[in-house]
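Here is the structure we will look at, set down as structure tokens.
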Ligand SMILES: Cc1cc2nc3c(=O)[nH]c(=O)nc-3n(C[C@H](O)[C@H](O)[C@H](O)COP(=O)(O)O)c2cc1C
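Numbering (my numbering), first residue to last: 98 to 307.
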């Protein structure tokens, strides 16, 4: 393994920014599939992969999201080519026999401990959301993460118990056991609208070598 070239490190980290304004350039389904095919390899505990990604592209879908958004996030979200609801499935452990087959006890461990389910699902969906952002940057997209929204409203609107989703293939959608974590706009960012980069800590301020 070797360090990536500087151009890649810049694209992933050093010059990558959180974006709030978007160029008028669509994001194809193929690009979204490329992002998923990279991000899915990021690690999760017990290979649980609890994250579910609802990718809103249509005007109609965005309008369903609008009432849940903090006022400061409305314009940037409505203008973004894609808004991903990064969510987690509280029944993720039902898939463990497939995803973690060498350890049959793992499913039972989660099925009998709702607190562990919640903690695991939140932790790993945050991680997978971060993998999503880095994968998006890796394929030339920009990301704009947001936690300024009403989770309960999003959950009711998109993941409500008994909420039928006609034509949906995904069994997680209408089930009432999925919760939103954060939102992430994806698109090609308009760099001319960025404000100056905010500071970060130096290594010695936040890292301790023991
Ligand atoms: C989980 C998360 C939630 C965020 N929520 C919001 C938000 O609700 N609205 C917003 O404008 N920016 C939001 N941000 C953007 C941050 O302010 C931004 O990532 C940070 O200032 C670093 O900016 P930079 O990536 O351009 O250096 C959020 C970022 C993250 C990771």
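Ideal placement from N, C-alpha and C gives every residue a C-beta, glycine not left out. As the structure is a prediction and not an experimental result, all values here were calculated from the model.
Exercise. Do residue 114 and residue 245 have their C-beta atoms within less than 8 Å of each other?
Worked result: no
For this session: Output the distance between the C-alpha atoms of residue 298 and residue 169, rounded to the nearest integer angstrom.
Result: If you take the alpha carbons of residue 298 and residue 169, they lie about 26 Å apart.
Exercise. Do you know whose CA, among 119, 105, 102, lies nearest residue 172's CA?
Worked result: 119
For this session: Give the C-beta separation of residue 284 and residue 158 to the nearest angstrom, bearing in mind that I take them to be a contact with Cβ-Cβ under 8 Å.
Result: At roughly 15 Å, the Cβ-Cβ gap does not stay under 8 Å, so residue 284 and residue 158 are not in contact.
Problem set entry | Neighbourhood of residue 232 by C-beta distance below 6 Å, restricted to the same chain and skipping five residues each side | 132, 135, 136
Problem set entry | residue 230, buried or exposed, once every other Cβ within 10 Å from all chains shown has been counted against 16 | buried
Exercise. Does any heavy atom of ligand 1 sit closer than 7 Å to the C-beta of residue 220?
Worked result: no
Exercise. Tell me which same chain residues have a C-beta within less than 7 Å of the C-beta of residue 139, skipping the five on either side of it?
Worked result: 224, 225, 228
Exercise. Once you ignore the five residues that flank residue 276 on each side, which residues in its own chain have a CB closer than 8 Å to its CB?
Worked result: The answer, listed in chain order, is 184, 185, 187, 218, 248, 252, 256.
For this session: Can you tell me which of the three DSSP states residue 298 falls into?
Result: Residue state, collapsed to three classes: coil.
Exercise. Is the distance from the Cβ of residue 308 to the Cβ of residue 116 below 8 Å?
Worked result: The first residue shown for the chain is 98 and the last is 307, placing residue 308 beyond what the model contains.
Exercise. Just to confirm, does residue 242 get its C-beta within under 7 Å of one of the non-hydrogen atoms of ligand 2?
Worked result: Looking for ligand 2 in the displayed structure turns up nothing; the ligands present are ligand 1.
For this session: Can you give me the Cβ contacts of residue 141 inside the same chain, cut-off strictly under 6 Å, excluding the 5 residues immediately before and after it?
Result: Excluding sequence positions up to five before and after residue 141, its CB lies within less than 6 Å of the CB of 221, all in the same chain and listed in chain order.
Problem set entry | Beta-carbon spacing of residue 179, residue 153 below 8 Å | yes
Problem set entry | Any non-hydrogen atom of ligand 1 closer than 7 Å to residue 249 Cβ | Not a single heavy atom of ligand 1 lies less than 7 Å from the C-beta of residue 249.
Exercise. Any idea which residues DSSP pairs residue 239 with across the strands?
Worked result: 284
Exercise. If you draw a straight line from the C-alpha of residue 211 to the C-alpha of residue 150, how long is it?
Worked result: 22 Å
Exercise. What are the boundary residues of the alpha helix (DSSP H) that residue 161 is part of?
Worked result: 156–162 is the extent of the alpha helix (DSSP H) around residue 161.
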